[in-house]
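Residue numbers (the numbering used here): 858 to 940. C-beta: ideal position from N, C-alpha, C; glycine also. See structure below.
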Amino acid sequence: MGLTNKREQHLKKMPIIENKITTSRNGRFLIHRTIITHIMPADYYRAVLANSIKVTEEELTDDDISNIIKEGREYLKEQAEIY
């Protein structure tokens, strides 16, 4: 069974993750290197860098944090149902 067109398009947008595992020259250490390659159009980065939105800091209460986590879980659950 092959992937749906929607799933293929989703996978193409994801970053490329490469793992390399080697040992040190003397063999005493294991070296695990992860390279994440994310390709985006240059215009996107120019737009992000040109954005001059001011960010203000505000104190969050424990209830605020709990609500943010709850909303995030609900969002992830919805996304899981889509894919």
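| Check | Outcome |
| --- | --- |
| Cα-Cα separation, residue 933 to residue 861 | 21 Å |
| Run of the beta strand (DSSP E) containing residue 928, from where it starts to where it stops | Looking at the DSSP string, residue 928 is not in any beta strand (DSSP E); the run it does join, the alpha helix (DSSP H), is 919 to 939. |
| Cβ pair count under 8 Å reaching 3, the segment 863 to 877 against the segment 892 to 902 | yes |
| Limits of the unbroken alpha helix (DSSP H) element including residue 864 | 862 to 870 |
| Start-to-end residues for the alpha helix (DSSP H) that takes in residue 890 | Careful: residue 890 lies outside any alpha helix (DSSP H), inside the beta strand (DSSP E) at 887 to 894. |
| Residue 904 versus residue 898: straight-line alpha-carbon distance, rounded | 10 Å |
| Whole-angstrom distance between residue 936 and residue 923, CA atom to CA atom | 20 Å |
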